[in-house]
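Trainee: One line per chain: the protein sequences are W and D, in this order.
Just so we're aligned, residue 96 is where the first sequence starts under the working numbering, counting upward by one.
Just so we're aligned, residue 96 is where the second sequence starts under the working numbering, counting upward by one.
Every residue, glycine too, gets a C-beta built ideally from N, C-alpha and C.
Below you'll find the structure I mean.
Protein chains: 2
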Amino acid sequence: MPHSLKAESNWPSPDKVSRWRTHEGGRTNDSNELAPGHPCFGCPVRDLAVCNALGDDELAVLRRCGTTRVLAPNEALCWEGDSARHVYSVSHGVLRLTRLLPDGRRHIAGFSYPGDFVGVTLEDEHSFTIEAVSAAKLCRFPRARFDEFVEVHPNMARRLYSNAANQLVAAQQQMVLLARKTAPERLATFLLQMVERTKQVAGEPLRARLPMVRIDIADYLGIRIETVSRELGALKAARVIRMQSVHDLLILNRDQLAARASG
Amino acid sequence: MPHSLKAESNWPSPDKVSRWRTHEGGRTNDSNELAPGHPCFGCPVRDLAVCNALGDDELAVLRRCGTTRVLAPNEALCWEGDSARHVYSVSHGVLRLTRLLPDGRRHIAGFSYPGDFVGVTLEDEHSFTIEAVSAAKLCRFPRARFDEFVEVHPNMARRLYSNAANQLVAAQQQMVLLARKTAPERLATFLLQMVERTKQVAGEPLRARLPMVRIDIADYLGIRIETVSRELGALKAARVIRMQSVHDLLILNRDQLAARASG
DNA sequence: CGAGCGATTGATCGCCATCAAAGTGGGTGG
DNA sequence: CCACCCACTTTGATGGCGATCAATCGCTCG
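Right under this line is the structure:
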């Protein structure tokens, strides 16, 4: 593991990994095929993403062309304009997809979580700079090999299509937000999205984990960092949220949050 | 032809249609299969869209389940939330895909031109209200039949995927515009898009046809109608454009327009 | 303990929205 | 054929939201 990762503890210990695997119903016999040193050993997204669409035999084929890539926070996976020679599947951590205008104005098209594809494109070049928000780990596939694989496995092709369609739906949602919502509405909408992406514990209050820094939120919502702060402050003052820490919110009143999001 | 179409002259006369067909290289023998009364007779987008990905035999199969639908200006093809029972391919005219916030704020996700698919979704419901900007004509396919067809024709599946990928790229472009560009930049960017979609005549000055009304432009760009007018006025004053009519612009200085679009 | 970065809070400014009032032109009916 | 009408567009005056500029806070790390 490269030294660029600040804390070893960011990664699951081996026995944690084992627990995850046994929690995933159905495919346990397949763990027998994997040596602990194999790149896919203990991958927590076995039942998400790429792998979900595949039978064990198909997966074995795909595995052979995949390697892993580890990113430290803020480390780039690729730059906008790089030739698109690989596709990736996120297994740990969160990434951001950013794009710059010539004068440096920045936009974040989205955040990618474990189970998401990144770097998939029909173009020759990556259209985004992809960076780690938090320490991240990915499966990397050479594009040529991946394309061949898709060609032979209709399930994977369907999966890719459905992935593109879902991303399109999300992008259309976001366009409405950017075109027509006010700053408070943007923040509320964003927090609801983050609630969805945060693992909740039954019986405990609703939480929203914000793995990214304030400027990432601002560049995602098309506002400024000061506005993000002020609107969070307003939600706090209105007792809609409470801040456990800068990256960790409690949602005290989800209905109120939804009302402020305007659809 | 329904009376809702104001002017018969909006549609190509039969001999015009014939000229178009002979302009399309390659598939002329296939015209023998079509009686003049057939819905696909003389379709000017035979080599675009759906049909392009298919051989003549495949196309014949698809044809059997397609009918045509004609729309008067501002007539709706479907409403946001309607169950998505059909998919369409635009053959004439321009459509707009709109979405409303609960309080009536409107956003236009995009405009669809001849050759474009519309109404294609993986959801059960249409996610947009689709309306005619100008008098329009479409090929309509029952979704169930269309899905079956796609299932059996990998070329069509690839075509659909590529279509989704392209729409995604366009949506990502538009998000940057909405998140980070100023009003003058938005207008300039939009005009460049319209130049691309306008058929140019070699040797004549560059033109941009704007089939939609000002409020559609505003709702597409996330600004107000008055701002659209003012920025068009500014471009006119700067001798970057000239207005032949409200819907028809001459581009006097494309480089200047590109400079004002900021990428 | 101090340095430095990110977050917050405060003060002011400017772009674009909003409100208001013509101007324009295509279509209709007299 | 002309005059009116109505919808769309343009232009003008004002205001507000969020950007910008500026200062402070507070946490993490050396």
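1. Would you mind telling me which residues of chain W sit closer than 7 Å to Met-270 (chain D), beta carbon to beta carbon, in chain order?
2. Does DSSP put Glu-246 (chain D) in a helix, a strand or coil?
3. Enumerate in chain order the residues of its own chain whose CB-to-CB distance from Leu-195 (chain W) is below 6 Å, with the five nearest sequence positions on each side excluded.
4. Is the distance from the Cβ of His-221 (chain D) to the Cβ of Glu-170 (chain D) below 8 Å?
5. Would you please verify whether the beta carbon of Lys-259 (chain D) is less than 8 Å from any beta carbon of chain W?
6. Are Gly-317 (chain D) and Leu-273 (chain D) touching if we call contact CB-CB under 8 Å?
7. Output the distance between the C-alpha atoms of Asp-125 (chain W) and Phe-212 (chain W), rounded to the nearest integer angstrom.
8. With 8 Å set as the bound, which would you pick, yes or no: does the beta-carbon of Pro-197 (chain D) sit closer than that to a beta-carbon of chain W?
9. Measure from the alpha carbon of Leu-344 (chain W) to the alpha carbon of each residue in W:Val-264, W:Asp-311 and W:Leu-305, then state which is nearest.
10. Helix, strand or coil: how does DSSP classify Asp-214 (chain W) here?
11. Residues of chain D with a CB under 9 Å from the CB of Ser-357 (chain W): which are they?
12. Which whole runs of the alpha helix (DSSP H) in the stretch 278 to 302 of chain W are 4 residues long or more, in chain order?
13. Could you say which of D:Glu-299, D:Phe-241 and D:Leu-255 lies nearest to Thr-162 (chain D) if we only look at CA atoms?
14. Below 8 Å on the Cβ atoms is my guess for Glu-326 (chain W) versus Leu-282 (chain W); work out the distance and round it to an integer in Å.
15. So Phe-236 (chain D) and Cys-173 (chain D) are supposed to be a Cβ contact under 8 Å. How far apart are they, rounded?
16. In the stretch 297 to 337 of chain D, which residue ranges form an unbroken alpha helix (DSSP H) of at least 4 residues, counting only runs that do not cross its ends?
17. How long is the line joining the alpha carbons of Arg-191 (chain W) and Met-270 (chain D), rounded to whole angstroms?
18. At what residues does the alpha helix (DSSP H) containing Pro-226 (chain W) begin and finish?
19. Quick check: is any heavy atom of the ligand FAD less than 7 Å from the C-beta of Ala-155 (chain W)?
20. How would you list, in chain order, the residues of chain D whose beta-carbon sits under 9 Å from the beta-carbon of Gln-288 (chain W)?
21. Look at the Cβ atom of Glu-280 (chain W), then the Cβ atom of Ser-357 (chain W), and state whether they are nearer than 8 Å.
22. Going by beta carbon distance, what residues of the same chain come within less than 6 Å of Pro-300 (chain W), once the five residues before and after it are set aside?
23. Within 8 Å of any Cβ in chain W, is that where the Cβ of Ala-231 (chain D) sits?
24. What's the C-alpha gap between Met-289 (chain D) and Ser-340 (chain W)?
25. For Ala-398 (chain D) and chain W, any beta-carbon pair shorter than 8 Å?
26. Under the assumption that Val-228 (chain W) contacts Val-189 (chain W) (Cβ atoms under 8 Å), give the Cβ distance between them as a whole number of angstroms.
27. For a contact defined as C-beta to C-beta under 7 Å, what are the partners of Leu-255 (chain D) on chain W?
28. When DSSP labels each residue in this structure, what does Ser-186 (chain D) get in the three-state scheme?
29. At the level of alpha carbons, what is the spacing between Asp-311 (chain W) and Arg-275 (chain D)?
30. Who are the Cβ neighbours of Leu-217 (chain D) in its own chain at under 8 Å, not counting the five residues just before and after it?
31. At 7 Å on the CB atoms, spell out the chain D contacts of Gly-359 (chain W), in chain order.
32. Going straight from the alpha carbon of Lys-294 (chain D) to that of Arg-302 (chain D), what length do you get?
33. Going by the DSSP bridge assignment, what does Gly-205 (chain W) pair with across the sheet?
34. Using 10 angstroms around the beta-carbon of Ser-324 (chain D), count the other beta-carbons present and answer buried if the total reaches 16, otherwise exposed.
35. Quick one: list the residues of chain D neighbouring Leu-217 (chain W), beta-carbon separation under 7 Å, in chain order.
Mentor: The answer reads as follows:
1. His-202, Ala-204, Ala-266, Gln-269, Met-270 and Leu-273
2. helix
3. Arg-201
4. no
5. In the sequence as displayed, the identity of residue 259 (chain D) is Ala instead of Lys. Yes, contact with chain W.
6. yes
7. Residue placement at Asp-125 (chain W) is flagged as unreliable, the pLDDT there being 44, under the threshold of 50; the coordinate-derived value follows with that caveat. Rounded to whole angstroms, Asp-125 (chain W) to Phe-212 (chain W) spans 23 Å at the Cα level.
8. yes
9. W:Leu-305
10. Per the sequence presented here, residue 214 (chain W) reads as Gly, with Asp not at that position. Three-state result, Gly-214 (chain W): coil.
11. Leu-196, Pro-197, Asp-198 and Arg-200
12. 278 to 292
13. D:Phe-241
14. 4 Å
15. About 14 Å; that fails the 8 Å criterion.
16. 309 to 316 and 320 to 332
17. 15 Å
18. Per the sequence shown, the amino acid found at residue 226 (chain W) is Glu instead of Pro. Per DSSP, Glu-226 (chain W) belongs to no alpha helix (DSSP H); it is in the beta strand (DSSP E), 224 to 227.
19. In terms of ligand content, the structure shown is empty, and the ligand FAD therefore cannot be addressed.
20. Near Gln-288 (chain W) there are no residues of chain D at all, since even the closest Cβ is about 15 Å away, more than 9 Å.
21. yes
22. Leu-345
23. no
24. 47 Å
25. Any answer about residue 398 (chain D) is impossible in this case: the structure gives chain D only from 96 up to 358.
26. 4 Å
27. Tyr-256
28. strand
29. 14 Å
30. none
31. The requested residue 359 (chain W) does not occur in the structure, where chain W is confined to residues 96 to 358.
32. 8 Å
33. W:Leu-192
34. exposed
35. Ser-257 and Ala-260
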